[in-house]
Amino acid sequence: MAEKPRLYYFNGRGRMESIRWLLAAAGVEFEEVFLETREQYLKLLEDGHLLFHQVPLVEMDGMKLTQTRAILSYLAAKYNLYGKDLKETALINMYVDGTLDLMMSIALISFKPSDQRQEAELVVEKAKSRYFPVFEKILKNHGQDFLVGNKFSWADIQLLEAILMVEELNATALSKFPLLQAFKTRISNIPTIKKFLQPGSQRKFPPDDHYVATVKMILQI
């Protein structure tokens, strides 16, 4: 029996959360090693495991994988969530890159000084004016259940994660996007994702002050 993937990261979302989502959606169990001290991080560096001195780090299939986008691409291909041909893969990449941009802008809010955190409202407005209309149009134009090839893919997983992150900032963010509302319900009810959304799963909570302080201490930000 193959060993479970082992994920090295902080005990929070950050860049690892999309990797957790993709593994969970594929029905793959994984283990986590949480970085809680500067010494843990330095040991990974000394052992040569962090190619560019950055986490996430994922151990699987006899490899030590770094760089979030590379890890996600590998997982999507391995678990048949990357389209049936190069054209579908290109579409998935476009949609994923867009949602990752949005998600990163949300993730960075917690690391800003408290007097600048009103940026959350700007991020929500950007989601409603730049990102959600794109995906509403995609769903309308092809009239299918999924974003690419009428088959569940990495793009669907990533979009649901992004939607839920925006809704944590503004619960009514999808009010003018009926097709995205239906999409959210549909994808959330896929058994593996439904399980990941349940309390007690390995899905992480939004970052709090303790998480931010831990990251800053370990990385000396």
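Taking the UniProt record's numbering, the leading residue of the sequence shown gets 1, the next gets one more, and so forth.
Every residue gets a Cβ at the ideal spot worked out from N, C-alpha and C, and that includes glycine.
Which runs of the alpha helix (DSSP H) spanning at least 4 residues fall entirely within the region 4-56, listed in chain order? 17-25, 38-46
In terms of residues, what are the limits of the beta strand (DSSP E) holding L147? Taken as a continuous stretch (DSSP letters only), L147 belongs to no beta strand (DSSP E), as it is neither H nor E.
In this structure, what does DSSP give as the bridge partners for L65? V58
Residue range of the alpha helix (DSSP H) that N170 falls in? That residue, N170, is in no alpha helix (DSSP H); it is neither H nor E in DSSP.
Alpha carbons only, please: which of P178, A26, V55 is nearest the one belonging to F152? A26
Status (buried if at least 16 other CB within 10 Å, exposed otherwise) for I19: buried
State the Cα-Cα distance for the pair L108 and H142, rounded to the nearest angstrom. 34 Å
Would you report the Cα separation of K195 and L75, rounded to the nearest angstrom? 19 Å
Alpha-carbon to alpha-carbon, F10 and M217: 11 Å
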